[in-house]
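Using numbering that gives the first Met the number 0, the letters of the sequence shown correspond one by one to residues 0 to 271. The beta-carbon is built from N, C-alpha and C at its ideal position, and this holds for glycine as well. Here is the structure we will look at.
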Amino acid sequence: MSETSRERFQSTLCRARKIAVLTGAGVSAESGIPTFRGAGGLWRRYEATSLASPEAWQRDPGLVWEFYNHRRERALGCAPNPGHHALAQLEARWREAGRVFTLITQNIDGLHEQAGSRSPVRLHGSLWQVRCLSCGSVTENRDVPITPAFAGSGSPDPEAPARRFTAAELPRCRCGGALRPHVVWFGEALQESDLAAAAAGVEGCDLLLVVGTSAVVYPAAGFVPMAKRHGALIAEVNVEPSAISGLCDVVFTGGSGAILPSLLDATPGRAP
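Here it is as structure tokens:
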């Protein structure tokens, strides 16, 4: 991390009246939550991506809920890391100063909220919300196991015995309809309201900070070009170079938990 890059970033940060932050799986991985793809992406003998789809739900909703029940159990044992807290503290300072701060996350684990982030734009939904396929209602649900029938199930062990859950054992809405995780699966469109909120946060920002993500999948892939068109400083914090590193004005290599607390220790309107 060169001092020149650090000074340039913090000078822009202090002057910025509008900041946008995009976070991805790398931030959660530092808290012990496996990344969705690559190493740690297998559950039993399944690729995690193959269970996060409408097709998987149609084939076996019980299997899908086993997978998400395991993810909810895993997330319960994890806590926000210093990177989460640094972002929440930065947001608090900027909002108190009457400036605009938007946190956009691709993560579904809720760790940003636990750290104190206010109303992050959750592009991919929430692990702690469920949606009724009959009445369409979206509600918070922190039951672990998701229903009593799932107690003790969901082991990622490849030798774990498979079982079929009956319709009566699956999560149900008050209206009697089936509940599914309120997350965006592969092949599904993102919520228009979330896309609009993310775009509004990025467009015209003075600084876009990309943390723990390669930002190569749309719509996230469009945020860096959008910010650059308006002259924003683009900064990246990641453990290794990514597909967007060449587009960034400053790049800090390392974990967000190690880098962000000191990098973001700034006050609005005051040079570091």
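- Per DSSP, the beta bridge partners of V20 are L102 and L208.
- A direct Cα-to-Cα measurement between D248 and A234 gives close to 6 Å.
- Of all alpha-carbon atoms in I243, S261, A15 and K227, the one lying nearest the alpha-carbon of A96 is that of A15.
- For Y217, the number of other beta carbons within 10 angstroms of its own is below 16, and it is reported as exposed.
- Cβ-Cβ distances below 8 Å link A78 to S30, L110 and Q113 in the same chain, with the five nearest sequence neighbours on each side left out; the list follows chain order.
- For the set N237, L246 and E239, the Cα lying nearest the Cα of G230 is the one of L246.
- Taking C-beta atoms as the reference points, F66 and G153 count as a pair closer than 8 Å.
- In chain order, R43 place their CB closer than 8 Å to the CB of A159, counting only its own chain and leaving out the 5 sequence neighbours on each side.
- Per the coordinates, the alpha-carbon of A214 lies some 23 Å from the alpha-carbon of R70.
- Under the three-state reduction of DSSP output, N237 falls in the strand class.
- Secondary structure at C131: strand, using DSSP grouped into helix, strand and coil.
- Secondary structure of G245 (DSSP, three-state): helix.
- In the DSSP assignment, P180 falls outside any alpha helix (DSSP H) and within the unbroken beta strand (DSSP E) covering L178 to V182.
- By the C-beta criterion, the region 202-210 is judged not to be in contact with the region 180-188, since fewer than 3 inter-stretch pairs fall below 8 Å.
- Beyond the five residues adjoining it in sequence on each side, T22 comes within less than 6 Å, by CB distance, of T104, V210 and G211 in the same chain, given in chain order.
- For V137, the enclosing beta strand (DSSP E) starts and ends at V137 to E139.
- The beta carbon of P60 lies closer than 8 Å to those of F164, L169, A177 and R179 in the same chain, with the five residues before and after it left out.
- In the DSSP assignment, R171 forms a beta bridge with A177.
- Between A150 and P144, the beta carbon gap of about 5 Å places them in contact (Cβ cut-off 8 Å).
- As summarised for the region 49-118, the continuous beta strand (DSSP E) elements at least 3 residues long and confined to that stretch are 99-104, given in chain order.
- CA-to-CA, the gap between P155 and A219 works out to about 29 Å.
- R92 and V137 have their alpha carbons spaced roughly 31 Å apart.
- In the three-state reduction of the DSSP assignment, S4 falls in the helix class.
- Only residues of its own chain outside the window of five on either side were considered, and among them S27, I32, A74 and L126 have a CB closer than 6 Å to the CB of D108, listed in chain order.
- Within the same chain, I103 and V120 come within 6 Å of A197 by CB-CB distance, once the 5 residues on both sides are set aside.
- In the three-state reduction of the DSSP assignment, E29 falls in the coil class, being assigned neither a helical nor a strand state.
- Only exposed fits G135, as fewer than 16 other CB atoms lie within 10 angstroms of its CB.
- Following the DSSP letters along the chain, one finds F222 inside the alpha helix (DSSP H) bounded by residues A219 to R228.
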